[in-house]
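Participant: This is the structure, below, for whatever I ask next.
Chains as they are written, first to last, in the numbering used here: chain A, 1 to 834; chain B, 1 to 73.
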């Protein structure tokens, strides 16, 4: 083998230590992406053997290579389409019999395979012995034992790859399918008549797959074979004749034969200790999965998760804020200078994009903690236990045991984020339950919804704040569960539902390195995807809220206010010693100079540093400095005068912004929506705030702030109360519920699109949540008004309604349950009849 | 007898699978085949999924799926 690139694939069953082997071989040089068009994670890495660069692709962990699950299809397509030079099949040495099942299938695909017996340390600890030479002899492929966790076996594995890449002995291994052999031969003969197919695919494997009734294989045949229907007809006849001959379905015969062979090989090569000890995992599960203790432990773990990720994460985010603030300050310095009323477009847009991005980056510490904790939960093996404990409960609502984590991350109580929540649905094997979970995660109470809740509760439910907070924090779950059931009974009905068959792997103690690496990979993926999207969306929103802009007459009005303020300042200048030194044109630069100085000193507590900054600014412009820093009698006087100008500038800017906002595209939309939203009690001002929240939910509070003209002296709550005199607690309740059901924000929508792999589902999730939110808000507002209830009374009436809906929905049987009952009755009928 | 009729703590040997299609394939891929030794370990706290010990490892399946596995002692 010379200086060239080599493609090597890493295959293996779940929980065989494949990732550890991957890390052992590649070290830090790896890259995570997705397989094109599907949500399955694709990990690639590189390492060197002599002067050859080897690219290692980590295939998804699969028990088998059928075409029933996405992971299996991805793995198989890669082996068939990308033709890797070598496939390293990682097997858990302590459970060789089961792992051989995949090995045999790889060998049947005639790919050059190395069997890597990993976890040999566990094998030794359990007192098992494996005859490696015998195994090599029986299988006819190289067998390499490793202890990847301890870093042993790297060189041996590389050596084996090198040798096998040079010479692959070809197909020497065949599973003897006994009674099925004549049928395989019959089909093989017909397939061999097509020269193209013979070159492209292993023919015997193809024949077996067809006999197995593999849908993808039939599809592949139709695409490549000129006379596919003839082959398929023969296949159908073979399947039927075999069934009559052997009295057993082909699929079953094949699987049973393979298992039989695995068992035989294992008997030949593995010596088990006399007595099987109860493993530590078994003993731990006695408590962790216990009927009473299990749920308690689960709740405790979730509480810890919540405390660490959300509470501690929030604190951490607060500590990290100066970093993002510094980025904003840097942008403010670098971009073109501000104007008196209007800023140059480049500055306004630039700052807007930077601020939108930092608003998301602000969550980074929370995400990092979340991802680390998930990695720990995954690596430790607790995830399947969590699903085991909760599956029954969630299944009643069309969800899955594994829906727990996404919902926790989304904020089942208060303060999650839908983005990692939707991301975490990846693990759910059941497509219908997975989509149902994706659809309800945005209904949880994410962190960004909280400011609006706090404003509204503070303004309208101040005396019953605790109850109101409890209401909004828990009612979302009682809205989400019935909705999930409703969706899975209607729009999601046709989605494939997978059986719940889950391995419960032994517990592992997660390593620090592994955890950080996993969390780092996901953070990086997240950053790449979200930040670019957020920046792009920010530009769109900017246009929507700033254009078409103010008419000329209004602009003139604001210009007049500006010149009046400047004139009065100049009067004061002419009375002072700076007469002639400061001209009209200096006013704005002087204000900006002051702002710049303030920014530079932000967060600086050290006296010496502060003095140095002062000195630098003084050297830059002593005149401006004197006014801004009140140096001398004239400086003090002019400073007072300048403050007046600054106040006018602030007022003008705020008024102009509010006016621009009202007449903007978004403002027009807000007004246009009034006829619809009036039933929910929303006027156009609220509509604008809600519309702007679509980009990111934090916007709702910020927008309300700018609409009601916060000056820093008043809180949003007070100014909202003052601005909307007709508002009652019923309005506030409707608004809170609408926010709770609010469609996913843009970054979450992107994640929904990504995880559901379809724009259709993304649009659906946005659409149905908007409608549901409007419906609920209207129901509460109009219903409450008609019945003459207060907001607080309506709140609990609605709560009762939701709990009732949840209970009713739990009673309705799922499609599977219906199916099961019919199957069961059929069987009884058959038994009774015969 | 069917697997879902057994109580935790009992051991049995699998004799047949009465499911085909995806479910049958999944079960067979995970190691359910005639002759496999199965031990019922425990039910979930809410009874439903059941954890079984199969050929050296633990699998949890729902009762509706366990119904498709024929066993004998």
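Just so you know, even glycine gets a beta-carbon here, dropped at the ideal spot from N, CA and C.
The structure displayed is predicted, hence computed values, not measured ones.
1) Flag this pair as yes or no: are the beta carbons of residue 422 of chain A and residue 373 of chain A separated by less than 8 Å?
2) Spell out the partners DSSP gives residue 34 of chain A in its beta bridges.
3) Closer than 8 Å is the cut-off here; do at least three beta carbon pairs connect the segment 480-491 of chain A with the segment 794-809 of chain A?
4) My parser needs the alpha helix (DSSP H) runs of 4 or more residues fully inside the segment 565-629 of chain A; what are they?
5) Under a three-way DSSP split, which group does residue 133 of chain A fall into?
6) What does residue 291 of chain A touch in chain B if you count any residue whose Cβ is under 7 Å from its own?
7) Roughly how many whole angstroms lie between the Cα atoms of residue 160 of chain A and residue 144 of chain A?
8) In terms of residues, what are the limits of the beta strand (DSSP E) holding residue 504 of chain A?
9) Does the beta-carbon of residue 19 of chain A have 16 or more other beta-carbons within 10 angstroms, so that it is buried, or is it exposed?
10) Does DSSP put residue 215 of chain A in a helix, in a strand, or in coil?
11) When we look at the beta-carbon of residue 624 of chain A and count the other beta-carbons within 10 Å, is it buried (16 or more) or exposed?
12) Name, please, each residue of chain B whose Cβ falls closer than 8 Å to the Cβ of residue 393 of chain A.
13) Between which two residues does the beta strand (DSSP E) harbouring residue 295 of chain A extend?
14) Please classify residue 184 of chain A as buried or exposed, where buried requires at least 16 other C-beta atoms within 10 Å of its C-beta.
15) What's the gap between the Cα of residue 436 of chain A and the Cα of residue 398 of chain A?
16) Grab the span of the alpha helix (DSSP H) containing residue 166 of chain A for me, first residue to last.
17) Assess, as a yes-or-no matter, whether the segment 773-783 of chain A is touched by the segment 714-726 of chain A under the definition of 3 or more beta carbon pairs within less than 8 Å.
18) Which residue marks the beginning of the alpha helix (DSSP H) containing residue 57 of chain B, and which one marks its end?
19) Kindly list the residues whose CB is nearer than 8 Å to the CB of residue 6 of chain B, restricted to its own chain and excluding five residues on each side of it in sequence; keep chain order.
20) Could you name the residues of chain B that residue 426 of chain A contacts, counting a contact when the two beta carbons are closer than 8 Å?
21) Report the option in A/555, A/50, A/392 whose CA atom is closest to the CA atom of residue 401 of chain A.
22) Please identify the residue among A/316, A/188, A/175, A/116 whose C-alpha is closest to the C-alpha of residue 156 of chain A.
23) Below 8 Å on C-beta distance, what does residue 488 of chain A contact in chain B?
24) Which chain A residues sit within Cβ distance under 8 Å of residue 2 of chain B?
25) For residue 804 of chain A, count neighbouring Cβ atoms within 10 angstroms of its own Cβ and tell me buried if that reaches 16, exposed if not.
26) I'd like to know whether the C-beta of residue 8 of chain B is nearer than 8 Å to at least one C-beta of chain D.
27) Please report how far the alpha carbon of residue 603 of chain A lies from the alpha carbon of residue 361 of chain A, in whole angstroms.
28) What residues of chain B sit near residue 174 of chain A, judged by a beta carbon separation below 7 Å?
29) Would you report the Cα separation of residue 231 of chain A and residue 243 of chain A, rounded to the nearest angstrom?
30) Could you work out which residue in A/758, A/696, A/731, A/786 is closest to residue 743 of chain A when comparing CA atoms only?
31) What does the Cβ neighbour count give for residue 371 of chain A, buried or exposed, with the cut at 16 atoms within 10 Å?
32) Would you kindly report the start and end of the unbroken alpha helix (DSSP H) that includes residue 189 of chain A?
33) Do residue 762 of chain A and residue 419 of chain A come within 8 Å of each other at the CB atom, strictly closer than that value?
34) Leaving out five residues before and five after residue 8 of chain B in sequence, what residues of the same chain have Cβ atoms less than 8 Å from its Cβ?
35) With burial defined as no fewer than 16 other Cβ atoms inside 10 Å of the residue's Cβ, what is the status of residue 318 of chain A: buried or exposed?
36) Would residue 778 of chain A pass as an interface residue toward chain B - the criterion being a Cβ-Cβ separation below 8 Å?
Facilitator: On the basis of the coordinates in this document:
1) No.
2) Beta-bridge pairing links residue 34 of chain A to A/41.
3) yes
4) Listed in chain order, they are 587-600, 607-620, 622-628.
5) helix
6) 45
7) 8 Å
8) 501-504
9) buried
10) helix
11) buried
12) 46
13) Where residue 295 of chain A is concerned, there is no enclosing beta strand (DSSP E), although the alpha helix (DSSP H) it sits in stretches over 293-306.
14) buried
15) 7 Å
16) 154-166
17) No, the segment 714-726 of chain A is not in contact with the segment 773-783 of chain A.
18) In the DSSP annotation of this structure, residue 57 of chain B is not part of any alpha helix (DSSP H); the continuous beta strand (DSSP E) holding it starts and ends at 57-61.
19) 12, 40, 71
20) Chain B residues near residue 426 of chain A: none, gap ~19 Å exceeds 8 Å.
21) A/392
22) Its Cα nearest to that of residue 156 of chain A, the residue A/116 stands out among A/316, A/188, A/175, A/116.
23) Going along chain B, no residue has its Cβ under 8 Å from residue 488 of chain A, so there is no contact; the nearest lies around 16 Å.
24) Within 8 Å Cβ-Cβ: nothing; residue 2 of chain B doesn't reach chain A, min ~10 Å.
25) By the 10 Å Cβ count, residue 804 of chain A comes out exposed.
26) Annotation note: the requested chain D is absent from the structure, which comprises protein chains A and B.
27) 20 Å
28) Residues of chain B passing the Cβ test: none, with the nearest at roughly 20 Å.
29) 18 Å
30) Nearest of A/758, A/696, A/731, A/786 to residue 743 of chain A, Cα basis: A/696.
31) buried
32) Under the DSSP assignment, residue 189 of chain A falls in the alpha helix (DSSP H) whose first and last residues are 181-192.
33) In terms of Cβ geometry, residue 419 of chain A and residue 762 of chain A do not form a close pair [threshold 8 Å].
34) 40, 41, 42, 43, 50
35) exposed
36) no
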